[in-house]
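With the UniProt record's numbering applied, the sequence shown covers 1 to 580. Where a beta carbon is used, it is the ideal one built from N, C-alpha and C, also for glycine. Below is one structure, written out as structure tokens, with a few remarks after it.
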Amino acid sequence: MVAIIGGSGVGKTTLLNVLSGRILGGTLSGQVLFNGKKRDKKTFKKDVAYVEQDDVLFPTLTVKETISYAADFRLSNVDFNKHQKAERVRDVIKSLRLASVENSYIGDERNKGLSGGEKKRVSIGVEIVTQPRIFILDEPTSGLDSNSSLVIVNLMKEIALMENLICISSIHQPSSKVFYTFDKVILMAPTCIIYFGTTKDSLEYFSSIGYNCPPLENPADFLIDIISIDYENSNNFKNTLDRIERLKRAWDEYTRINGHIYIPRKDLFHSEISSTSRSAIPFLTKELYDSYELPSWRNSWYTEFSSLLKRSWVRQLRDKYALTSLFFSSFFTMFLLGFTFFNQTSGIFEITNKIGLIYLIAVNMAIPVAIPLISVLTQEMLVMTKERASGSYRMSAYFLSGILTVVPISLFSSFISLNGIYFLAKLQLSVYRYIIYILIYSSATLNSVGIAFVFSSVSSKEQVASIYTSLILTIFIIYGGSLVNIDTVPIGLSWIRHINYVYYTYIAAIQNEMTGLTFKCDKSTQQACFPTGEEVIRVFKLDELPISNCIIANFAMVIVLFLVSYLALRFKSRPNYILI
């Protein structure tokens with residue numbers, strides 16, 4: 001058990017990222033060896049478990065399900081059958097004292113769930129269920145009270161001993177009990193290390209160079225105070241910088257003579273530990289490690305896909321808040337538009353009402369479909385990024401499972417409103433035209449889903465993704481063919497209609513509904529009127545493409561959007577981590 005302690009911003013998380021092989025971009029110097037060898041990108045991430053500071057978990061899954069899915073993804077079916085995986089999950093839950101809440105949901109701000117300490121233990125369980133060799137944690141006690149912090153650290157100690165793990169953790173303001181639970185400590189000041197040795201000998205070292213811990217003071221607080229910079233005023237700032245420089249020189253001098261780990265003077269003559277093995281005793285022989293080769297992926301593509309698909313459906317169907325909002329919106333839109341256009345008048349008013357209704361339906365298949373998806377997808381992306389960094393599954397398996405969950409739910413929700421509007425607004429009662437109507441607007445729904453996928457893939461921040469999605473959809477609605485006559489649009493902007501699924505949806509739906517209709521025109525009035533639907537299509541120039549071409553164009557754009565989303569996810573989820 002090794003603790004990394006230091007003030008804010010000294011590089012504790014950066015050091016952990018270097019050790020775990022998760023530094024993205026920049027330049028690294030030095031050397032990190034794993035069992036005396038340079039790390040291999042493909043296999044090293046499977047030997048390391050990394051618990052990040054934030055608990056990124058699905059709120060609608062239970063404790064047992066969360067850990068079980070991690071086992072399904074990251075324990076090989078060759079080495080573990082279904083029963084053995086379940087047994088491993090039970091052991092982990094028991095060792096983390098989570099048996100009493102194993103069937104409780106993780107929870108979030110909307111749904112009551114686990115406490116902060118319990119969520120942290122679940123995050124630990126997700127990682128240790130995979131039987132790693134090195135266990136790295138980034139401030140696992142951050143945000144927890146002293147009792148919960150001590151519970152977490154004691155569990156880490158038990159797990160390290162039971163699983164034969166090397167455990168490295170950054171710790172923020174530990175209590176004395178937490179501090180002494182660790183075997184060794186690394187004290188970090190800005191740009192340098194001040195001490196590396198056992199926790200019990202740390203005060204002796206600093207006392208030997210003139211820094212004595214006052215009686216009854218928390219040793220961890222004392223150590224953090226002497227290695228932190230005081231920004232209160234210029235004098236304090238200068239004095240603390242000078243002190244840190246003296247501490248750095250003292251440690252450099254010590255390591256130059258005695259090696260890179262502090263050993264009390266009384267033990268120097270009795271220690272049989274060589275200087276090359278002081279920092280860590282190998283837990284795996286080089287010969288065994290050299291012969292140990294892991295496959296690129298632990299399980300088959302189908303195994304990953306089936307587990308991901310099951311998890312995705314379970315999550316979606318349990319999210320009562322999202323489902324209720326989605327279907328309430330569908331029924332509300334159905335009744336609002338259906339009854340608004342229920343009593344159709346004759347003549348020009350019937351024509352304008354039908355044109356307005358058809359365009360409003362197209363708009364309803366855009367923003368109300370895409371924006372709610374952003375919240376769901378961005379949360380998924382956070383979990384996916386964490387799991388992919390650990391080599392849990394292939395991107396193709398994840399992406400296809402996501403599509404096969406989100407698309408059916410979105411289409412079913414849209415179908416509810418489309419079906420109700422069709423009959424309430426008394427559109428043409430023809431089986432053929434009804435099927436075409438559903439097909440046209442379903443293609444629009446798929447495009448909206450595709451746009452939500454694209455921007456959720458590009459940006460993991462919900463607010464940013466929502467803004468860009470709204471911006472694109474607003475542009476598409478403006479140039480959708482109803483609000484602005486396409487022929488009057490400047491040449492520099494007229495091209496937008498060629499990539500605009502709202503436009504294709506609108507002209508296809510107009511042609512489908514207007515073809516074959518006749519209208520009663522009152523010749524006693526001066527109002528313009530069109531006796532047939534075909535004339536409406538011709539006058540408003542909504543016959544640029546036939547219905548079939550519009551539908552094909554929409555589905556072609558769906559394919560492009562999903563392809564762009566997939567490529568963006570592959571690029572983001574396979575970062576070029578630097579190993580030294």
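Locate the beta strand (DSSP E) running through residue i, then write down its first and last residues.
i, result
"Val185", "184-189"
"Ala49", "48-51"
"Tyr211", "Tyr211 -> no beta strand (DSSP E), and no H or E assigned at all."
"Tyr231", "Neither: Tyr231 is in no beta strand (DSSP E) and is coded neither H nor E."
"Ser170", "166-170"
Determine the extent of the alpha helix (DSSP H) in which residue i is found, giving its start and end residues.
i, result
"Ser414", "395-424"
"Ile128", "116-128"
"Ile152", "146-163"
"Gly492", "491-494"
"Thr378", "367-389"
"Tyr195", "From DSSP, Tyr195 is part of no alpha helix (DSSP H) but of the beta strand (DSSP E) over 192-198."
"Ile358", "348-364"
"Asn343", "Per DSSP, Asn343 belongs to no alpha helix (DSSP H) and is neither H nor E."
"Ala508", "501-514"
"Ile486", "Where Ile486 is concerned, there is no enclosing alpha helix (DSSP H), given that its DSSP letter is neither H nor E."
"Leu309", "301-318"
"Glu87", "82-95"
Residue i: buried (16+ other C-beta within 10 angstroms of its C-beta) or exposed?
i, result
"Ala3", "buried"
"His498", "exposed"
"Glu245", "exposed"
"Ile547", "buried"
"Met162", "exposed"
"Tyr398", "buried"
"Gln31", "exposed"
"Lys64", "buried"
"Phe571", "exposed"
"Thr62", "buried"
"Asp72", "buried"
"Ile491", "exposed"
"Phe342", "exposed"
"Thr345", "exposed"
"residue 624", "Because the chain here runs from 1 to 580, residue 624 falls outside it and cannot be looked at."
"Lys46", "buried"
With residue i and residue j assumed to form a contact (beta carbons below 8 Å), what rounded beta-carbon distance in angstroms separates them?
i, j, result
"Ile67", "Val89", "5 Å"
"Ile348", "Ile510", "About 16 Å; that fails the 8 Å criterion."
"Leu57", "Val122", "6 Å"
"Phe196", "Ile261", "5 Å"
"Leu410", "Thr445", "Residue 410 is actually Ser in this sequence, not Leu. Rounded, the Cβ-Cβ distance is 6 Å, consistent with contact."
"Tyr437", "Leu427", "7 Å"
"Leu309", "Thr385", "About 19 Å separates the two Cβ atoms, so there is no contact after all."
"Phe453", "Leu561", "7 Å"
"Ile451", "Ile472", "6 Å"
"Phe44", "Gly21", "6 Å"
"Ile166", "Ser95", "Actually they do not touch by this definition, with Cβ atoms about 17 Å apart."
"Gly117", "Ser142", "The pair is not a contact, with the Cβ atoms about 11 Å apart (cut-off 8 Å)."
Check each candidate in the options and name the one with the smallest Cα separation from residue i.
i, options, result
"Phe328", "Val484, Ile438, Leu61, Val369", "Val369"
"Tyr503", "Thr532, Gly516, Asn554", "Asn554"
"Phe540", "Ser482, Leu493, Gly11", "Ser482"
"Val10", "Arg121, Pro190, Ile186", "Pro190"
"Asp145", "Ile166, Ser202, His172, Asp138", "His172"
"Ser29", "Leu19, Asp230, Gly36", "Leu19"
"Thr515", "Gly450, Ile355, Val464", "Ile355"
"Ile351", "Ile472, Leu317, Ala425", "Ala425"
"Arg433", "Leu517, Lys177, Val558, Ser100", "Leu517"
"Ile168", "Phe332, Thr13, Gly36, Ser202", "Thr13"
"Ile551", "Tyr566, Asp40, Tyr501", "Tyr501"
"Gly107", "Asp55, Asn77, Asp47", "Asp55"
"Glu139", "Leu150, Phe455, Leu439", "Leu150"
So, helix, strand or coil for residue i, using DSSP?
i, result
"Gly6", "strand"
"Lys12", "helix"
"Gly533", "helix"
"Ser68", "helix"
"Leu563", "helix"
"Asp138", "strand"
"Ser443", "helix"
"Thr62", "strand"
"Thr333", "helix"
"Tyr180", "helix"
"Ile23", "strand"
"Lys248", "helix"
"Phe34", "strand"
"Tyr432", "helix"
"Tyr479", "coil"
Please tell me whether residue i has its Cβ less than 8 Å away from any Cβ of chain B.
i, result
"Ala250", "Chain labels in this structure do not include chain B; a single protein chain is all it has."
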